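Visitor: Please see the structure below; I have some questions.
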Amino acid sequence: MSGKGWQGNYFEDFTLGTRLDCPPERTLTAGDAAAYIALTGDRTAAFCGASQQAHPLVVFHTVFGQTVRPISLNARANLGYAGIRWGAPVFFGDTLSTTLEVVGLKENSNRQTGVVYVHTVGRNQRGEEVLSYWRWVMVKKRGDAPTASLEAPVVPELPGSVAPSALRLEAKPMPARATGARFFLEDYAPGERIDHYDGMTINPSDHMAFTRLFQNSAKVHFDAKLMEGRPLVYGGVVISHAYAMALNGLEARLGIVGINAGAHTSPIFAGDTLYAFTEVKEVYAPADSSVGALRLRLVGVKNVDPSSADFSLMVEDAKTPGKRVLNPAVVLDLDYWEAMPKRSGVEA
Amino acid sequence: MSGKGWQGNYFEDFTLGTRLDCPPERTLTAGDAAAYIALTGDRTAAFCGASQQAHPLVVFHTVFGQTVRPISLNARANLGYAGIRWGAPVFFGDTLSTTLEVVGLKENSNRQTGVVYVHTVGRNQRGEEVLSYWRWVMVKKRGDAPTASLEAPVVPELPGSVAPSALRLEAKPMPARATGARFFLEDYAPGERIDHYDGMTINPSDHMAFTRLFQNSAKVHFDAKLMEGRPLVYGGVVISHAYAMALNGLEARLGIVGINAGAHTSPIFAGDTLYAFTEVKEVYAPADSSVGALRLRLVGVKNVDPSSADFSLMVEDAKTPGKRVLNPAVVLDLDYWEAMPKRSGVEA
Amino acid sequence: MSGKGWQGNYFEDFTLGTRLDCPPERTLTAGDAAAYIALTGDRTAAFCGASQQAHPLVVFHTVFGQTVRPISLNARANLGYAGIRWGAPVFFGDTLSTTLEVVGLKENSNRQTGVVYVHTVGRNQRGEEVLSYWRWVMVKKRGDAPTASLEAPVVPELPGSVAPSALRLEAKPMPARATGARFFLEDYAPGERIDHYDGMTINPSDHMAFTRLFQNSAKVHFDAKLMEGRPLVYGGVVISHAYAMALNGLEARLGIVGINAGAHTSPIFAGDTLYAFTEVKEVYAPADSSVGALRLRLVGVKNVDPSSADFSLMVEDAKTPGKRVLNPAVVLDLDYWEAMPKRSGVEA
C-alpha cells in the first residue's frame, strides 16, 4: 500500500461542526433519465414525458453517491436516515453539488468503531437546496486509542418524521389521461394495503451499472473478490425498483417529496427477485391546494411475492418460539411522503 | 391480493369499438438513442450521426411498450401483427402517446381465452401519426361464463401486407462515404440471400435493460421466480438485434418503414446467441423518387450461424419422417419494408 | 455463405497509401456521457459537470470503434499503438468521422498473416483533428500466394513516445473544491507509485454494452458460441476501468492527452475483477502555463489487488527458474500523458 490514493476517512478524522465538500459536481441530463428508466423501468408520468424534470430518486442517488468518498468508504453499516426532504425541482442541465456537516459523534464501547451523524445538503448551480437529510453511519476507527467522543458523545436530536406542512408540494397535477390514474388523494385511507404485482430479478450488471451511474464508489458493490463472490447490492437499487413497482395503484403520483425513515432490513444479492407492496399510513389534504401528500410504507420483499398466500409480514422467530419478528424476506421498509393530487384538481 | 394495484384487463373487459389511452407519454431523447446503441450496437448511419432522428425501432418499441398494460398483462400469446407503418419521423424531444382501439373479439371454444384484435396508433405531440398497426393477442378470460363473442365473433379484415405505395419514403439519401454502402436499390434482386456474419449472445441484463428502456412491464421478461429461472426475452430484443446485424450488406438503408408480418417462431432466453440472414423478396423502385424500398425477409436464428454449412432453414420434422418444417433454431421470421436509395440518388 | 454481407479486409486487400473512410459518423451526446459513467463509474470532474465536454476516452473508443470494420474484422492480434494524441476537445453535439491511411505492410514468413500499419485520424464536423494515432495489427491472409510485402516489407518509423511539447494542454484548471484534489503537478515525482484501492468485477453485459456503445463490432467480444463460452473483453474496457480507478490519487487531472504505448498483456474475461495502480514516470512543467502533464504508467491487474502483499509486478517465470517476467495477472500496461494543473494555478 502506498502513495497518494485516498483510503477514506476513519472515525478519528471527523470533528464536530466540520463541513465537507463532496466533489465532483454532477450535471444531470436526458442521458441520466434514459439510463434510469433502462435500469428501473420507472413509468412515473411526471418524469418520462416532456417535463425535462429529473426523477427525485435520481436526485437522491446523485447526492448520496457524492457523499460516499468523504463519509462511507470505511463504513461498517448505514444505520439510518432522518428528515429527508426534496427542495427545488431539478431539470436536465442542472448541476448538483453536495456538502456534509458533522453534527454528531459517538464512539462505540468496543473502541473499534464509532457513529458519525451528518447533515447532507445537495444544491443546484444557483445554490438552491434540492435535497437535505440526516444520516448516521458506523465508521471504522483507525486505531485503538479512545477519542473524546467515547466519554462525551454528541448525539443530535433528529426529526422522527417530516411534517407534511414542511413538504414542497408544488408539482402541478397531470391529466388523468396522461397518467392512467383511477385513484386520487381522496381515494386512499390509512391502513389500506396496495399490492404491486411485479417482480424484478436483479442481475449483476443491473445493480452495478445503477450504482456506477450515480458515481457511488463503495467497494462492496463492485468487487466480487473482496466480497467472496457476492457483491452487495446498493440499498438505493432496492429503493428505486420498489418505487418503480409502486406506481401500480398510485398512478397519479407526482413524485416522492420526503422520507421519514428507512431501513434495509436484509441484504440483497444478484439473483434475488424483488417484489413490493405499500401500506397507506396517513393522508395529508391541505384545504387550499390541489395537491396533498400520502404517507406510505413501502415494503420490499425478496424471492416471494407478498401478494401471494405464502407471505406473512411477521413470522415466528426461528430462535424464539412464540416470538413474532419481521419476515427475513423483507429487504426494505421505507416510510415516505408522496405528492398526490386531489381528484378535484385533475382534468380527465 | 388486495387493493388498488392493477392486474390487467381480461378478455371480458374488452368491448368492440372501445378506445384506450396508453399512458404515460414518453419523450424520446439523445439519452434513449445512446442507450439503444449500447444495447444493440446498431450502426445505421441515419440514426447515429447529426440527424437527431430517433431510430424507427426505438419508436416501435416505445409505442409497443405503452400498450402492454392495457392489452397484454394477461396475454397468453402474441398471435400476430399486420399493417405496421411508420409515419412522421420522430426527433429527439418529441413526445409519443398511444391509443388502442378494439377492432375484433373472438372467444375461443375452450372458454378460457379469447383473441383481442386492436388497432394501435402512436402520435407525436402535434397529433401526427408516427406508427400504426394491427395486432392480435390471446388474452385470458376472468371466468368460465361465455361472452357474446363466443357465438358471434368479430374478426376484422386485416391487410396481408403494406402496399409499397403507402410507405412514407421521404428520407434523404446519405452520401456513400457516410454509410460505407457498396450496394443500392438497383443492386438487389428478389430471391437473393444476404448473410450478416455476426453473432450476439444475449445476457440477462441486456434484454431486461432493453425491455425496461421502453417501459414494457410484462412480468414474463423480468421475474425469474415466476419463470422458473428463465425469464422470456421480449421479442422486440430479437427484432432489434437482428435488424442491427442486418446492416451488413444493406449499408445504404434509411430505416425500416413498414412491417407486413412477423412471427416469433421460437422463444429465446438469456444465454442464447443470435444470428441473422436476409432474403430479398421484392424491389420497389418508384420512377419519380431517389428512394425506393426493399421488401425483405429477416430471419433470426439461435445458437447456430446460418451462414455455416450446419444450418438449413427447413429441416425434417422430428415427429413426422419426411415432413419438412421450419428449423426450430429459427426465432424470428420478419417480413418488412426497408427504405433504400437508388444508386443514382447517392453522392459519393 | 453468400451475398453482399461484408466479411472484412484480408491482408491482400491493403495497399500502401490507401485511405479508407470509416463510416458511420457518430454524434456524441449527453446520452453517451451518461452511458459511459454507468459503464465505468468514472468521476473525473471535468467530464461530469457542466462542461458538456466528452470524456477523452469516449472520443478514443468512438474513433477506434469506427476503424474496426475496415481494419480489424480479420485481425488475429492487435500488436501495438504509437503516438496517440488528442486534439480539439469534443463537446456534446459534435460529430466524429474517421479515416485510416495504410502506412506499412509486412507479410509474415508463415504466409498466413501480415502486419498492417495504419495511421488513424478522427475529426469533428469542422474537420478539426480530435484524435490521431498509429496502430499495427496482424491480419489474416485470404490465400497462400505471397504478396510483394513478403520480400519488400514497408515498416514505418513510429514515434517511441509523444513529446510533451506536442500535447494540447489547453484545459482550464478546476477549483480544488470542484475536484477534491489534494495534490497538483508539483507534488508528483518520477518513480512514485499510487495505489488506487478499487476493484471492479466485469460482468458479461458490462463489457458488451460498453463495446456496443462505441459500435465496435468485432465478433470476438459478443459471440459466446464462436468463443466457446468466453467472449473476449475489448481491451478498451480495461483501459477505461483502470483510468476511472486511477482518479484516486490524481483528482486534479484534466484528462488524458496522449498515449505513448500500450499493451494488453493478458486477456480478460467476464468474471474477472480488475484493479490498477500507477507509476509516475515524468513530470512536464512548462514555465509559461498553469497546466503541465504527468507521464504515467497505468498497470491493470486481474484478480489480485496490487496494493496487497500478495502481488509482485515481476515474478519468476513458470518455465525458466531464475528468470523474472511480468506477472501474468497484469492485463494492461499503458504509458500515457495526463494533463495536470500546477498548484499555483488552482483556486481553492
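As they're listed, the protein sequences go chains A, B and C.
In terms of the numbering used here, the first sequence opens at residue 222 and continues consecutively.
In terms of the numbering used here, the second sequence opens at residue 222 and continues consecutively.
In terms of the numbering used here, the third sequence opens at residue 222 and continues consecutively.
Virtual Cβ for every residue (Gly too), placed ideally from N, Cα, C.
Keep in mind the model is a prediction, meaning the values are calculated, not measured.
Ignoring anything shorter than 4 residues or poking outside the segment 230 to 286 of chain A, list the alpha helix (DSSP H) runs there in chain order.
Guide: Runs found: 251 to 261.
Visitor: Since I believe Y505 of chain B is in contact with P385 of chain B (beta carbons under 8 angstroms), could you give me their beta-carbon distance rounded to a whole number of angstroms?
Guide: So it is a contact: roughly 4 angstroms between Cβ atoms.
Visitor: Going by other Cβ atoms of all chains shown within 10 Å of its Cβ, with 16 needed for buried, is S510 of chain A buried or exposed?
Guide: exposed
Visitor: Let me know if D538 of chain C comes out buried or exposed under the rule of 16 or more other beta-carbons within 10 Å of its beta-carbon.
Guide: exposed
Visitor: If I'm right that N295 of chain C touches V360 of chain C with Cβ under 8 angstroms, what's the distance once you round it to whole angstroms?
Guide: Right, their Cβ atoms sit about 6 angstroms apart.
Visitor: Tell me, please, which residues DSSP counts as bridged to M535 of chain B.
Guide: B:L547
Visitor: What three-state label does DSSP hand G226 of chain C in the structure shown?
Guide: G226 of chain C sits in coil when the DSSP states are folded into three classes, being neither helix nor strand.
Visitor: For my contact list, W227 of chain A and N524 of chain C are in at a C-beta cut-off of 8 angstroms; report their separation, rounded to the angstrom.
Guide: W227 of chain A to N524 of chain C, Cβ: 23 angstroms. No contact.
Visitor: Where do the ends of the alpha helix (DSSP H) carrying T359 of chain A lie?
Guide: The sequence shown places Met at residue 359 of chain A, not Thr. Unbroken run through M359 of chain A is the beta strand (DSSP E), 350 to 361; no alpha helix (DSSP H).
Visitor: Please classify P396 of chain A as buried or exposed, where buried requires at least 16 other C-beta atoms within 10 Å of its C-beta.
Guide: exposed
Visitor: Under the three-state reduction of DSSP, which class applies to Q442 of chain B: helix, strand or coil?
Guide: Here the sequence assigns His to residue 442 of chain B, which means Gln is not the residue at that position. DSSP places H442 of chain B in helix when its eight states are reduced to three.
Visitor: Excluding sequence positions up to five away, which residues of its chain have a Cβ less than 6 angstroms from the Cβ of G229 of chain B?
Guide: L294, N295
Visitor: To be precise: take each residue of the segment 427 to 456 of chain B, compare its Cβ to all Cβ atoms of chain A, and keep it if any distance is under 7 angstroms. Which residues remain?
Guide: Contact annotation: in the segment 427 to 456 of chain B, residues whose CB is within less than 7 angstroms of a CB in chain A are M429, A430, R433, L434, Q436, S438, K440, F443, D444, A445, K446, L447, P452.
Visitor: Verify the CB distance criterion: does G226 of chain C have a CB-CB separation below 8 angstroms to chain B?
Guide: yes
Visitor: Name, in chain order, the residues that DSSP records as bridge partners for M561 of chain A.
Guide: A:G513
Visitor: Candidates B:T422, B:A491, B:R306: which alpha carbon is nearest M448 of chain C's?
Guide: If we check each option's Cα against that of M448 of chain C, B:T422 comes out closest.
Visitor: Check the Cβ of Q346 of chain B against every Cβ in chain A and list those closer than 8 angstroms, keeping chain order.
Guide: A271
Visitor: Using the beta-carbon count (16 or more within 10 Å), is P562 of chain B buried or exposed?
Guide: Around the C-beta of P562 of chain B, 16 or more other C-beta atoms lie within 10 Å, and the residue is accordingly described as buried.
Visitor: By a C-beta neighbour count over all protein chains shown, 10 Å radius and 16 as the cutoff for buried, is T248 of chain A buried or exposed?
Guide: Label assigned to T248 of chain A: buried.
Visitor: Should P549 of chain C be flagged as near chain A, meaning a C-beta pair shorter than 8 angstroms?
Guide: no
Visitor: Verify the CB distance criterion: does T316 of chain C have a CB-CB separation below 8 angstroms to chain B?
Guide: yes
Visitor: Spatial neighbours of G343 of chain A within its chain, please: C-beta separation below 8 angstroms, excluding the five flanking residues on both sides.
Guide: V280, T283, V284, Q287, L317, S318, T319, E350, V351, L352, S353
Visitor: Could you check what DSSP says for E372 of chain A in three-state terms: helix, strand or coil?
Guide: DSSP places E372 of chain A in helix when its eight states are reduced to three.
Visitor: For the alpha helix (DSSP H) that contains A392 of chain B, what are its first and last residues?
Guide: In the DSSP assignment, A392 of chain B falls outside any alpha helix (DSSP H) and carries neither an H nor an E.
Visitor: Using three-state DSSP, classify F431 of chain A as helix, strand or coil.
Guide: helix
Visitor: Based on the DSSP secondary-structure assignment, which residues constitute the bridge partners of Y302 of chain C?
Guide: C:R356
Visitor: Under 7 angstroms, CB to CB, which of the residues in the segment 396 to 420 of chain A have a partner in chain E?
Guide: The structure shown contains no chain E; its protein chains are A, B and C.
Visitor: Does F498 of chain A pass the burial test, meaning 16 or more other C-beta atoms within 10 Å, or should it be called exposed?
Guide: buried
Visitor: My assumption, with CB atoms under 8 angstroms, is that A267 of chain B sits in contact with L475 of chain B. Please give the rounded CB distance.
Guide: 6 angstroms
Visitor: Residues of chain A with a CB under 7 angstroms from the CB of G262 of chain C: which are they?
Guide: Those are R433, Q436, S438, listed as they occur along chain A.
Visitor: I need the DSSP call for E407 of chain B, collapsed to helix, strand or coil.
Guide: helix
Visitor: Of all the options C:V289, C:L517, C:H276, C:T341, which has the alpha carbon lying nearest to the alpha carbon of A303 of chain C?
Guide: C:T341
Visitor: Using a threshold of 8 angstroms, state whether the C-beta atoms of F312 of chain C and A251 of chain C are closer than that.
Guide: no
Visitor: Where does Y418 of chain C fall in DSSP's three states?
Guide: coil
Visitor: For chain C, check one thing: does any of its Cβ atoms lie closer than 8 angstroms to the Cβ of I460 of chain B?
Guide: no
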